[in-house]
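S.K.:
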Amino acid sequence: MSTWEATGVGSHPGEDHLEAIRVVFGEVPGLPYLPELPARGVGADMVGRTAALLIDLPVEVQPSGWRLSDRPGRDHQRAVDHLRRDLDGLEEVAHDYEGPLKLQVCGPWTLAGSIELKFGDKMLSDAGAVRDLTASLAQGVADHCAEVRRRLPGVTEIVLQLDEPGLPGVLAGTVPTASGFGRLAAVEEWRVEESLRSFERPVVHCCAPGVPYALLRRAGVRAVSVDAALLRRRDDDALGELFEAGTTLFMGVVPGTDTRLPDPGVVAKPALELWRRLGFAPDRLSEQVVLTPACGLAGASPRYARAALAAVRKAAQVLRDDPREG
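The numbering used here runs 10 ahead of the 1-based position in the sequence shown.
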């Protein structure tokens, strides 16, 4: 059970990492996170940023995208430098912070569907390569978390979020080959479950249709992060089983791009309605549902990014104080 109430998904607009960190710690102090700023270019994107953490698997950018390389080059170094600068900024802004902190990385399956082998198709096409990638990522993430703990000794726990927008496609066999003319074979669910256990009870974020709730529950993830607009009544049984297992749902309830934000009661309504349909005790709602924007905020204006985080925090107070409202 969580008491986090509200947080963000990860990405922010602009290139000012210090300002983004200040916004996060100011607006969602219950579960702040290290924001990502993809507008900075190569190496600041989700795949490149995570690739900077990989152990003994250097990457480079080719016209087709990220690819494994023989040795770390300029692109890899750029990604490492972005991350180092962000950690320096985190230490500067939050040096006296005490509490939980969320870190986001691209999950192994979306990563495997995005990075190409040195000579050939995507890593996803080779089960052995995916195993190597998962092990490299797990070690790199553990090292990353250890460094954050060293820099911020007041952090009580690190909440690891794996971004897996590509996971439904991996399971359905719809990920295109490197050439784009074919599709890579569907991956068996047991392989995905096994890989997720390489990470210490992560939050899995998937803002695509077809989130595999039952698989994630079996894998023992700590929370599932989804866009509330994509939830369907047919998901209710799977969500009920998720909650029964003690899993938390991160529910994206405000758009990730600029719009007029309604009042907190309206923002909270999807969570209240879901909880009422499932028939759980109202006082459990704020313990098992954390409100977030629907996805990352990279496409928003800086003003809206701040307002969106403020909106989910205020809506979370509705879930806590008036769980029978709505």
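A virtual CB, placed ideally from N, CA and C, is assigned to each residue, including glycine.
1. Would the beta-carbon of A195 fall within 7 Å of that of D131?
2. Could I get the ranges of all uninterrupted alpha helix (DSSP H) runs contained in the segment 174-227, with 4 residues as the minimum, in chain order?
3. Please list, in chain order, all residues of the same chain as D331 whose beta carbon is under 6 Å from its beta carbon, the five residues on each side excluded.
4. With distance defined between alpha-carbon atoms, name the residue in P110, L259, A325 nearest to K279.
5. Tell me whether H105 is buried or exposed, calling it buried when 16 or more other Cβ atoms sit within 10 Å of its Cβ.
6. Out of P110, E37, A321, R59, state which residue places its alpha-carbon closest to the alpha-carbon of D85.
7. Using CA atoms only, rank isn't needed, just tell me which of P73, S79, E108, V69 is closest to V90.
8. From the DSSP output, in three-state form, read off W76 for me.
9. Based on Cα-Cα distance, which residue from A321, D55, V165 lies nearest to R88?
10. Using the Cα positions of R94 and T184, report the straight-line distance between them to the nearest angstrom.
11. Am I right that T267 and L177 are in contact with their C-beta atoms under 8 Å? What's the rounded C-beta distance?
12. Please determine if the segment 216-228 and the segment 195-208 are in contact, where contact requires at least 3 C-beta pairs separated by less than 8 Å.
13. If A233 and L259 are in contact, beta carbons under 8 Å, what's the gap, nearest whole angstrom?
14. Taking C-beta to C-beta, are L44 and L113 nearer than 7 Å?
15. Under a three-way DSSP split, which group does F260 fall into?
M.R.: In short:
1. Against the sequence shown, residue 195 aligns to sequence position 185. Against the sequence shown, residue 131 aligns to sequence position 121. In this structure, A195 sits away from D131, with a CB-CB distance that is not shorter than 7 Å.
2. Counting whole runs of 4 or more residues, the segment 174-227 contains the alpha helix (DSSP H) stretches 177-182, 199-206.
3. As a working note, residue 331 is residue 321 in the sequence shown. For D331, where only same-chain residues beyond five positions count, there are no Cβ hits under 6 Å.
4. The sequence position of residue 279 within the sequence shown is 269, counting from 1. Looking at the Cα atoms, A325 is the closest of the given residues.
5. The residue given as residue 105 occupies position 95 in the sequence shown. Classification of H105: exposed, given that the 10 Å Cβ count is below 16.
6. Numbered from its first residue, the sequence shown carries residue 85 at position 75. Between D85 and the set P110, E37, A321, R59, the nearest pair of CA atoms involves R59.
7. Your numbering for residue 90 matches position 80 in the sequence shown. It is V69.
8. Working through the sequence shown from its first residue, we reach residue 76 at position 66. In this structure, W76 counts as strand in the three-state DSSP scheme.
9. Indexing the sequence shown from 1 puts residue 88 at position 78. Of the listed residues, the one whose Cα sits closest to R88 is D55.
10. If you number the sequence shown from 1, residue 94 lands on position 84. If you number the sequence shown from 1, residue 184 lands on position 174. Whole-angstrom Cα-Cα distance: 35 Å.
11. Mapped onto the sequence shown, residue 267 falls at position 257. Mapped onto the sequence shown, residue 177 falls at position 167. A Cβ-Cβ distance of about 23 Å is found for the pair T267 and L177, leaving them out of contact under the 8 Å criterion.
12. Yes, the segment 216-228 is in contact with the segment 195-208.
13. Indexing the sequence shown from 1 puts residue 233 at position 223. Indexing the sequence shown from 1 puts residue 259 at position 249. At roughly 7 Å, the Cβ-Cβ gap stays under 8 Å, so A233 and L259 are in contact.
14. Position 34 of the sequence shown holds residue 44. Position 103 of the sequence shown holds residue 113. Yes, Cβ-Cβ distance for L44 and L113 is below 7 Å.
15. The residue labelled residue 260 in the question sits at position 250 within the sequence shown. Strand at F260.
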